[in-house]
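**Student:** A single structure is presented below for examination.
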Amino acid sequence: MNEPIFHYYGNKAGVEGADQIKQVIDDATRGSEYYKRQQEKRQQVLQKVNKMQMELDSYKNNEQKIKETKEIIQNKVKEFQINTDRIWAHFDMDMFYVACELLDKPELKDKPVAVGQTIVSTANYVARKFGVRSAMPGFVAKKLCPEIIFIPCHFEKYKSVSNIFMTILKKYDDNLESMGLDEANLDLTEYINNSQEDPAILCENIRKDILLATQLTASCGVGPNKMIAKLASEINKPNGLHVVEQSATAVLNFLEKLPIRKIPGIGNITEQILSGLNFNTCKDVRDRADELYVIFTPKTFEYIFYSCWGVARNYHVEFEDQHSISCQRTFSSISTQREFEDKVDYIAEKLAEEMQSEEKVGNHLTLIIKTSKFEIRSKSLQLNQYTNQAKQIAIYGKQLLKIMQLDEPIRLLGLKMSSLANEKQIQKQSISTYFKRQIDKSSGQENLVPSIKGSKSHQITEENDSFNKMSLQQQEQSKPDILSDDEASSISNQILSGVNSKSHQSQQQQQQYQQKQQAQPKSFRCPICNKEIDCKGNNTVLNKHIDRCITQQNVIVEQSDESNRNFSGSKIKVPSKIDSKAQKSFNFFKK
DNA sequence: TACATACAC
DNA sequence: CATGGTGTATGTA
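Position one of the first sequence corresponds to residue 372 (the working numbering), numbered consecutively onward.
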């Protein structure tokens, strides 16, 4: 009943103090609304596990079914192969945000430090010994480690370090994929085929380059696909390398004892379910895959199954346009209708700002709230037109508010716009439906549509301006982007078919890099441009050079992105996408 | 389509 | 005293 809520600790982290740590966390948080909600969720998971266990029991009594299912699994095992002809590397900066801050405050190096305020974003290894973790609330971290020093987030700093990091890595794979400022997945196959370098030596050299350029350490994992590389990068973290050799047995060996929780995509809940059914390692999954087949949906089953066999994507996917833009805020609880509406207005403005700066419009709006009991609810609405205007969004948002019938205090409110299109792309449509909407207008919803020139009302004039602005843009005759529809990449699509990567964009550039790369002796060379720097051990000179190099390099990168966009009209990788996502994530730190 | 869940960073 | 924000995929009805 009073079971502590679930906290995940990687097996090498909390070590022997783990129980004590859990106790401290529990004492610090017991009784809060958040804690109560977590307990409820925990109970729900346990019920789900019970239900699954019953299904499993009945399965185990049905010999015929067992036979059939095991046959299906056998066939699946025969069908796939662990494709080892590609070489991937995953680079991951160690405790990135804290590490960046420590550059400016080296005296804190051996003290427990965390970046973040209400929530720990990153903790250094000193703090981690106390049990401090990412996503932990600040007050809990303080309980665990009263000495801990909190540093507020300085996003720009991290972004510029990240630029250096990414610039170095792009020399080896121009199409690198990244899920955050501090990590990147590289397909090194082409590079290594050309240079014939040993992957381990190459990656150690890259890590040295990163250290030289940023003064920070990165960990690296190497393997035949993206997932294995990522998993490998955690083995010798921090400041380490681990290589999983390019063979099926090496992969299977590597995964054998690995806790399922480590597999990207298996999170808190799935781990609880699996461990509740006594699946703990990848080997458990491989050995008893038929049981999972019975209780999970096909997609979930396939994902877990193939991951545990080491089968994952080993080629790059094309960049896809973002599907939604959202904005949400947490605040001290509010409970009156008036307060709700004010929040909607505020969030609508923020959302509109975001959409406009990204030149997007959308026609599907979702209102999200969190009650003070931490229950999340949402209502959504298909709009009758595309918009990115704060006033329109606010009007729709308030409609959703009504539909939701809120009668209890809330601590969070957000708006999400989906079904996005480029502002420019819908102009034609705007024009063609313009007169139709004038008719709609006369039937009541006049605030929702632009009006004709010369209208007298203040509100309408403003909206008229935005319409004119769009018309002007249309005259520029920019090419409309084509929305992708059939590229919906289901997990199974991604993990199956170990076929080739897309052709790389600039082979010339790569060859150029290789030539330079090969000729490098030991002395100081710039990790960005590969030129020899005669700095006589003076780091400042080197750093200044590197800074200049980065700036130049970035200009080049941006230009090439831009020309690609205009040239092909297809999706390209846009590193700035993730930048802006992370930027937005941390806006709330600034206040 | 609408809503809820799970996940990653 | 007390647990964030952005975006994606998937399951279910």
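A virtual CB, placed ideally from N, CA and C, is assigned to each residue, including glycine.
On the three-state DSSP scale, how would you describe T758?
**Tutor:** Start at 1 with the first residue of the first sequence, and residue 758 comes out as number 387. The answer is strand: DSSP assigns T758 an E or B state.
**Student:** By Cβ distance below 6 Å, which residues in the same chain neighbour G647 in space, the five residues on each side in sequence not counted?
**Tutor:** Locating residue 647 in the first sequence gives position 276, counting from the first residue. If we look at G647 and ignore the five residues flanking it on each side, its Cβ neighbours are V420.
**Student:** Between the region 621 to 632 and the region 648 to 656, are three or more C-beta pairs nearer than 8 Å?
**Tutor:** Short answer: they touch.
**Student:** Between F745, K542, I572, G636, which lies nearest to Y562 when the distance is taken from Cα to Cα?
**Tutor:** Within the first sequence, numbered from 1, the residue matching residue 562 stands at position 191. Nearest C-alpha to Y562: K542.
**Student:** Whole-angstrom Cβ separation of I764 and L738, contact assumed at under 8 Å?
**Tutor:** Along the first sequence, read from residue 1 onward, the residue named residue 764 stands at position 393. Along the first sequence, read from residue 1 onward, the residue named residue 738 stands at position 367. Not a contact, Cβ separation roughly 10 Å.
**Student:** Give me the DSSP bridge partner(s) of S590.
**Tutor:** The sequence position of residue 590 within the first sequence is 219, counting from 1. Answer is D463, bridged to S590.
**Student:** One question on the structure: do A589 and M464 come within less than 8 Å of each other, judged by their Cβ atoms?
**Tutor:** Position 218 of the first sequence, counting from 1, holds the residue named residue 589. Position 93 of the first sequence, counting from 1, holds the residue named residue 464. Yes. Within cutoff.
**Student:** Which residue or residues does DSSP assign as beta-bridge partners of V491?
**Tutor:** Reading the first sequence from its first residue, position 120 is the one you call residue 491. G487.
**Student:** Figure out for me which residue from M507, P477, E616 has the closest Cα to the Cα of T489.
**Tutor:** In the first sequence, the residue the question calls residue 489 occupies position 118. For the residues M507, P477, E616, the minimum Cα distance to T489 belongs to M507.
**Student:** Note down, one range per segment and in chain order, each alpha helix (DSSP H) of at least 4 residues found wholly within the region 603 to 652.
**Tutor:** The region 603 to 652 contains these whole alpha helix (DSSP H) runs: 619 to 627, 639 to 647.
**Student:** One question on the structure: do F521 and A555 come within less than 8 Å of each other, judged by their Cβ atoms?
**Tutor:** Position 150 of the first sequence, counting from 1, holds the residue named residue 521. Position 184 of the first sequence, counting from 1, holds the residue named residue 555. Contact flag unset, no.
**Student:** Using the beta-carbon count (16 or more within 10 Å), is D475 buried or exposed?
**Tutor:** Numbered from its first residue, the first sequence carries residue 475 at position 104. So D475 ends up on the exposed side.
**Student:** Around the C-beta of S678, are 16 or more other C-beta atoms found within 10 angstroms, so that it is buried, or is it exposed?
**Tutor:** Sequence index remark: in the first sequence, residue 678 carries index 307 (1-based). Buried, because 16 or more other Cβ atoms sit within 10 Å of the Cβ of S678.
**Student:** For the region 387 to 443, list the alpha helix (DSSP H) runs that are entirely contained and at least 4 residues long, ordered along the chain.
**Tutor:** Correct list: 389 to 400, 404 to 431.
**Student:** Do you know how far the Cα of L540 is from the Cα of T560?
**Tutor:** To locate residue 560, count along the first sequence from 1; it is residue 189. To locate residue 540, count along the first sequence from 1; it is residue 169. Whole-angstrom Cα-Cα distance: 14 Å.
**Student:** Where L645 and K670 are concerned, what is the direct C-alpha to C-alpha distance, given to the nearest angstrom?
**Tutor:** Locating residue 645 in the first sequence gives position 274, where the first residue counts as 1. Locating residue 670 in the first sequence gives position 299, where the first residue counts as 1. Spanning the two alpha carbons is a distance of roughly 16 Å.
**Student:** Do N596 and N685 come within 8 Å of each other at the CB atom, strictly closer than that value?
**Tutor:** The count along the first sequence starts at 1 and reaches residue 685 at position 314. The count along the first sequence starts at 1 and reaches residue 596 at position 225. Closer than 8 Å, so yes.
**Student:** Name the two residues that bound the continuous beta strand (DSSP E) containing I581.
**Tutor:** Taking the first residue of the first sequence as 1, we reach residue 581 at position 210. Here I581 belongs to no beta strand (DSSP E); instead the alpha helix (DSSP H) covers 570 to 585.
**Student:** May I ask you to report which of helix, strand or coil DSSP gives D558?
**Tutor:** Position 187 of the first sequence holds residue 558. It is a strand residue.
**Student:** So if DSSP puts P508 in a beta bridge, which residue, or which two residues, is it bridged to?
**Tutor:** Here residue 508 refers to the residue found at position 137 of the first sequence. Note: P508 sits in a beta bridge opposite I490.
**Student:** Which residue wins for smallest C-alpha separation from L602, given the options P635, P609, Q617?
**Tutor:** Position 231 of the first sequence, counting from 1, holds the residue named residue 602. Ranking P635, P609, Q617 by Cα distance to L602 puts P635 first.
**Student:** Verify whether the separation of the beta carbon atoms of T455 and S703 is less than 8 Å.
**Tutor:** Here residue 455 refers to the residue found at position 84 when the first sequence is read from its first residue. Here residue 703 refers to the residue found at position 332 when the first sequence is read from its first residue. No, these two residues do not count as a Cβ contact at 8 Å.
**Student:** List the residues that DSSP assigns as beta-bridge partners of A660.
**Tutor:** Along the first sequence, read from residue 1 onward, the residue named residue 660 stands at position 289. None; A660 has no bridge partner.
**Student:** Taking the beta strand (DSSP E) that I696 falls in, what are its first and last residues?
**Tutor:** Working through the first sequence from its first residue, we reach residue 696 at position 325. Segment 695 to 705, the beta strand (DSSP E) holding I696.
**Student:** Under the three-state reduction of DSSP, which class applies to K744: helix, strand or coil?
**Tutor:** For the purposes of this step, residue 744 is identified with residue 373 of the first sequence, where counting begins at 1. Correct three-state label for K744: coil.
**Student:** The beta strand (DSSP E) spanning A792 covers which residue range?
**Tutor:** As a working mapping, residue 792 is identified with position 421 in the first sequence. Run containing A792: 781 to 793, per the beta strand (DSSP E) assignment.
**Student:** Taking the C-alpha atoms as reference points, what is the distance between R632 and N755?
**Tutor:** Counted from its first residue, the first sequence places residue 632 at position 261. Counted from its first residue, the first sequence places residue 755 at position 384. Computed Cα separation, rounded: 43 Å.
**Student:** Quick check: what's the CA-CA separation for S505 versus E426?
**Tutor:** Here residue 505 is taken as the residue at index 134 of the first sequence, counted from 1. Here residue 426 is taken as the residue at index 55 of the first sequence, counted from 1. Roughly 36 Å between the two C-alpha positions.
**Student:** Might you give, ordered along the chain, the residues of its own chain that have their beta carbon closer than 6 Å to the beta carbon of Q865, omitting 5 neighbours on each side?
**Tutor:** Position 494 of the first sequence, counting from 1, holds the residue named residue 865. Any reading at Q865 needs caution, since the residue's pLDDT is 29, under 50, leaving its predicted position unreliable; the model's value is listed next. Around Q865: R684.
**Student:** In the DSSP assignment, what residue or residues form a beta bridge with E548?
**Tutor:** One-based indexing of the first sequence puts residue 548 at position 177. For E548, which the question treats as bridged, DSSP gives the partners N556.
**Student:** State buried or exposed for D390, treating a residue as buried only when at least 16 other CB atoms are found within 10 Å of its CB.
**Tutor:** For the purposes of this step, residue 390 is identified with residue 19 of the first sequence, where counting begins at 1. Exposed, because fewer than 16 other Cβ atoms sit within 10 Å of the Cβ of D390.
**Student:** Is L727 helix, strand or coil by DSSP?
**Tutor:** As a working mapping, residue 727 is identified with position 356 in the first sequence. Checking the sequence, you will find Gln at residue 727 rather than Leu. Reduced to three states, the DSSP call for Q727 is helix.
**Student:** Compare the Cα-Cα distances from Q753 to each of G487, Q415, G768 and report the closest residue.
**Tutor:** What you label residue 753 is simply residue 382 of the first sequence in a count that begins at 1. It is G768.
**Student:** Does DSSP classify N564 as helix, strand or coil?
**Tutor:** The residue labelled residue 564 in the question sits at position 193 within the first sequence. N564 falls in the helix class under three-state DSSP.
**Student:** Could you pull out every residue in the same chain whose Cβ sits closer than 6 Å to the Cβ of D978, ignoring the five residues on either side in sequence?
**Tutor:** A query on residue 978 cannot be resolved here, the shown segment of the chain reaching from 372 to 962 and no further.
**Student:** Return helix, strand or coil for V732, following the three-state DSSP convention.
**Tutor:** Against the first sequence, residue 732 aligns to sequence position 361. In the structure shown, V732 sits in a strand (DSSP, three-state: E or B).
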